[in-house]
Amino acid sequence: MTERADTSDLSAEKSLALIEEQRGRVGRDLEPNAVLLFGAWGLAWLIGFAGIYAADRGWAGLSELVAGLLFFALLMTALVVTAVQVVRSARGVRGVSSEIGAMYGWSWLLGFGCLFAINAGLARQDGGLTDEQWALFGPAGALLVVGLVYLGGGAMWRDRVQYRLGVWILATDAVSVFAGVPGNYLVLALAGGGGFLAAAAWFTVQRRRAVPA
Amino acid sequence: MTTVPELDPVIHAQARLRVMTSLAALAEGDRIAFPRLQQVLDMTAGNLSTHLRKLEDAGYLEITKTHERRTPVTYLGLTRQGRRAFEDYTAALRTLLAGSGNGQ
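Note that the protein sequences, when read in sequence, are chains A and B. Sequential numbering from 963 applies to the first sequence in the numbering used here. Sequential numbering from 1466 applies to the second sequence in the numbering used here.
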């Protein structure tokens, strides 16, 4: 009837500390870095839409082409950051979460694929949309997809931050259309990009708390 | 004196506790490849194998051997019993700490 556990040099405090430390490490290794993800998309939206707004207002001699290319480059960077994070975190793990991840990944592709078809179909119409209508609907359609996928992801992973961000994006999206051109760009830059950056900031605080120095 | 909860000796050792914590952090039904687990734990392959064997003997570990591009890969995950044992272990730890907390 000896207490075998008591003969170990591992105290209960030490054990619990060890569990917390290892949990933090697993979290950092096996989950995408949320700060990097939300930060990259937040900056892309903030700077990208601000650039388009500035070009529309004719500020600092910024041409629409340059602003468009800048936005494209920022979006591609955020996409690469996301892909690297997702691939890195999923490496060597298989099972339920890989299946969920694949379905989630496809929902982005299918959503944007459908939007692309809608845009192409509208453009084919006689007369199509006016430049101003495109300027409103182009970003608004994309953000509708983004917001809805965030709601889905938040619900699936029970991630309240992600879900709230989805709600925020949808609200921002709706407001942006009523702001008109070029006000919509400003709304999307500040409220949209700002929403992502707020999420990134929140995850930064969480990480600091989870990782005792 | 209240009875002191017994800590599962299979789990209550630094290396195995870290292994169990890592595997319990996976989603239920997920499996992790041996080299990936090794990386997360920063342990040598030999050392990790020794501890994995003990966990497997206790019925806590499910080991699947498979091939990926003709290379043999070993996937590891907790059994239901293993997940339960880890939960019981952490619950026992909390009880122990709650009991000793008053005397500090």
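By construction, the Cβ of each residue, glycine as well, lies at the ideal position given by its N, Cα and C atoms. Please read these numbers as outputs of a predicted model, since none were measured by experiment.
- Taking the Cα of Leu-1541 of chain B as reference, the smallest distance to any Cα among B:Glu-1552, B:Ala-1563 and B:Arg-1501 is reached at B:Arg-1501.
- Contact annotation: Ala-1490 of chain B and Val-1058 of chain A have beta-carbon atoms that are not nearer than 8 Å.
- Exposed is the label assigned to Asn-1512 of chain B, since fewer than 16 other Cβ atoms lie within 10 Å of its Cβ.
- Sequence-ordered contacts of the segment 1541 to 1569 of chain B with chain A read Gly-1542, Thr-1555, Leu-1558, Arg-1559, Leu-1561, Leu-1562 and Ser-1565 [C-beta pairs closer than 8 Å].
- Of the residues assessed, Arg-1483 of chain B falls on the buried side of the cut-off, its CB having 16 or more other CB atoms within 10 angstroms.
- With a cutoff of 8 Å on beta-carbon distance, Thr-1515 of chain B and Ile-1528 of chain B are scored as not near each other.
- Note on Thr-1536 of chain B: under 16 other CB atoms within 10 angstroms of its CB, so exposed under the neighbour-count rule.
- In the three-state reduction of the DSSP assignment, Thr-1509 of chain B falls in the coil class.
- Counting along the chain, Ile-1476 of chain B sits inside no alpha helix (DSSP H), nor does DSSP assign it H or E at all.
- Arg-1056 of chain A is bridged by DSSP to B:Arg-1496.
- As the crow flies, the alpha-carbon of Ser-1487 of chain B is around 48 Å from that of Val-1028 of chain A.
- Less than 8 Å separates the beta-carbon of Leu-1132 of chain A from that of Gly-1109 of chain A.
- When 8 Å is used as the limit between beta carbons, Ala-1523 of chain B is near no residue of chain A, the shortest such separation being about 14 Å.
- For Ala-1029 of chain A, the nearest beta carbon of chain B is not closer than 8 Å to its own beta carbon.
- Judged by beta-carbon spacing, Gly-1128 of chain A lies within the 8 Å limit of Leu-1113 of chain A, meaning their Cβ atoms are closer than that value.
- Around the beta carbon of Gln-1095 of chain A, fewer than 16 other beta carbons lie within 10 angstroms, which makes this residue exposed.
- In this structure, DSSP gives Val-1538 of chain B an extended state, which the three-state scheme calls strand.
- Contact of Gln-984 of chain A with chain B by beta-carbon distance below 7 Å involves Arg-1483, Thr-1486 and Ser-1487.
- In this structure, the CA atom of Leu-1041 of chain A is about 29 Å from the CA atom of Arg-1086 of chain A.
- For Gly-1054 of chain A, the C-beta contacts it makes with chain B under 7 Å involve Ile-1497, Ala-1498, Pro-1500 and Arg-1501, in order along the chain.
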